[in-house]
Amino acid sequence: MEETVVGSTSSASNVHEEANDNANPYRNMVIDAMRMNQGNVSQCPIVEEEPNVDAVRFFDLLKDSDELLWDGCTNHSKLSAVAQVFTIKSDHRLSEAGYDKIIEWVRSILPEGNRLKENFYAAKSMMKPLGSGYQKIDMCPNFCMLYYLKNAEMTECMTCRYSRYKPRTGRGKTLVAYKKLRYFPITPRLQRLFMSPRTTEHMTWHQAHHAVDGVMVHPSDGEAWKRFNSVHPHFSAESRNVCLGLCIDGFNPFGSFAAPYSCWPVILTVYNLPPRMCMRPEFMFLSTVIPSPRSPGRNIDVCFRPLIDKLAQLWSSGALTYDISRKQNFLMRAALMWTINDFPAYGMLSGWSTHEKLACPYCMENNKAFTLANGGKAFFFTVTVASCHLITGTERTEKISLLAELKKMLHPCVFLVKNCMMLSQNTVTLCLAFNQVSKSFLVLV
């Protein structure tokens with residue numbers, strides 16, 4: 004088979020020329036969207052095996068970033084022209100019909116043989132490999148169900164009978180759902196991690212690095228990871244299979260002083276990468292956004308349905324992925340190793356009650372929990388510093404400022420350890436503990 008260079012372009016615009024790379028912001032846009040490294044793309048290796056369809060789309064988009072809008076054009080490339088017209092459409096809220104009319108007129112005044120896409124559909128298809136799209140899924144306002152797959156055509160909730168759409172305000176108005184879930188496909192973004200030679204090398208770091216006995220520098224050195232590998236040897240045999248962690252927490256996007264609103268982003272992290280990379284923002288992928296004025300509570304599992312379906316597919320059948328470092332296609336599989344969240348979110352994800360004396364699923368009844376006499380709340384007392392002895396403890400039922408109380412203890416050896424389970428709106432418990440080793444005080448809140 005004849006050797007071909009991936010990402011090669013016409014002689015009018017050489018993609019391998021370093022000066023041209025730095026001067027083309029639209030080429031950099033493609034590289035950033037694909038999590039690529041600029042230096043690696045400029046020296047693409049010779050292909051020994053034909054890339055799959057998704058990889059071909061990426062390389063074609065790189066070619067479009069350097070292909071001139073017409074022969075002799077010095078201002079725009081094929082990609083830059085489409086990107087700028089897309090920006091105008093978004094900023095001024097043009098309809099698709101209006102976009103097509105403008106493009107039709109612009110093409111009529113451009114030279115013959117110009118490469119501007121003829122309509123909105125063709126331009127959108129060209130930009131699609133950037134992977135910026137997402138799927139909107141209607142859901143019940145009470146988090147009972149998603150209008151998804153076989154339930155996509157239903158108009159009311161099968162559990163609470165709440166209507167799917169808001170009442171129409173006039174004739175011919177588009178039906179608007181009460182609540183929409185945003186799902187961002189995770190498979191294309193995982194596949195792109197293998198498109199850069201430098202990124203691909205790090206995707207096998209979790210098996211290639213040298214582990215020192217008794218030293219844990221990465222989750223792959225832990226007992227949980229090793230146990231997983233022993234239970235699933237077929238998965239661990241392929242070092243390019245992806246191990247994921249799921250992070251979730253709720254926050255108010257409008258600030259703490261705004262009206263209460265709980266938005267829940269779901270983020271996946273890739274643990275194949277070394278510690279210096281796996282927690283960087285570019286390798287943390289937003290997969291789902293759960294909007295609501297209130298928390299989904301234990302019905303949060305309903306919102307995970309699209310992501311769970313995709314993770315199940317990646318675990319069982321995998322996805323065909325092109326590895327540019329080995330110049331071959333392989334079947335990439337993925338596994339969700341664990342979740343990362345605070346204790347309230349842990350209760351939502353697992354279904355375990357985190358509000359009573361048996362809140363900790365590991366300690367169970369072997370804890371020092373008791374119920375406050377006045378507040379009736381479960382109280383958890385745990386000293387995590389060795390050789391600490393309780394000196395005093397006071398319970399106050401009135402609302403007090405914890406910060407004001409701590410300011411009275413101005414001492415360089417006083418420090419704060421916060422445990423949110425011990426706080427309530429009406430009850431604050433202060434416990435002073437003395438550490439005989441470090442000769443310091445420990446304030447448990």
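Whatever position you read off the sequence shown (first residue = 1), add 3 for my numbering.
Heads up, the beta-carbon is just placed ideally off N, CA and C, and yes, glycines get one too.
Under a 10 Å Cβ-count criterion, residue 367 is classified as exposed, with fewer than 16 other Cβ atoms of the shown protein chains found around its own Cβ. At the C-beta level, residue 187 and residue 130 stay beyond 8 Å of one another. Under the DSSP definition of a beta bridge, residue 248 partners with 272 and 341.
For residue 355 and residue 146, the gap between their C-alpha atoms comes out near 19 Å. Ranked by Cα distance from residue 121, the options 137, 136 and 102 are led by 102. A contact is defined here as three or more CB-CB pairs under 8 Å, and the region 301-308 fails this definition with respect to the region 207-221. Rounded to whole angstroms, the separation of the alpha carbons of residue 333 and residue 292 is 30 Å. Taking C-alpha positions only, residue 372 is separated from residue 341 by approximately 27 Å. The beta carbons of residue 344 and residue 250 sit closer together than 8 Å. Sequence-distant partners of residue 221 (beyond 5 residues in either direction) whose C-beta falls short of 6 Å from its own C-beta, in its chain, are 278. In its chain, beyond the 5 residues on either side, 222 have a beta carbon closer than 6 Å to the beta carbon of residue 228. Cβ contact annotation for residue 245 (same chain, cutoff 7 Å, sequence separation greater than five): 193, 273, 275, 335 and 337, in chain order. Under DSSP, residue 334 forms a beta bridge with 323. Of the other Cβ atoms in all chains shown, fewer than 16 fall within 10 Å of the Cβ of residue 217; this residue is therefore exposed. Unbroken alpha helix (DSSP H) runs of no fewer than 4 residues, entirely contained in the region 201-256, are found at 208-211, 226-234 and 236-240, following chain order. In the three-state DSSP reduction, residue 186 falls in the strand class (E or B). In this structure, residue 201 sits away from residue 326, with a CB-CB distance that is not shorter than 8 Å. Residue pairing by DSSP places residue 80 opposite 71 in a beta bridge. Secondary structure at residue 295: coil, using DSSP grouped into helix, strand and coil.
A check of alpha carbon separations from residue 142 across 56, 91, 260 and 181 identifies 181 as the nearest. Under the Cβ criterion (8 Å, minimum of three pairs), the region 282-292 counts as touching the region 261-272. The alpha carbon of residue 321 has as its nearest neighbour, out of 190, 93 and 156, the alpha carbon of 190.
Assignment of beta-bridge partners to residue 267 by DSSP yields 293. The three-state reading of DSSP puts residue 166 in strand, counting E and B together.
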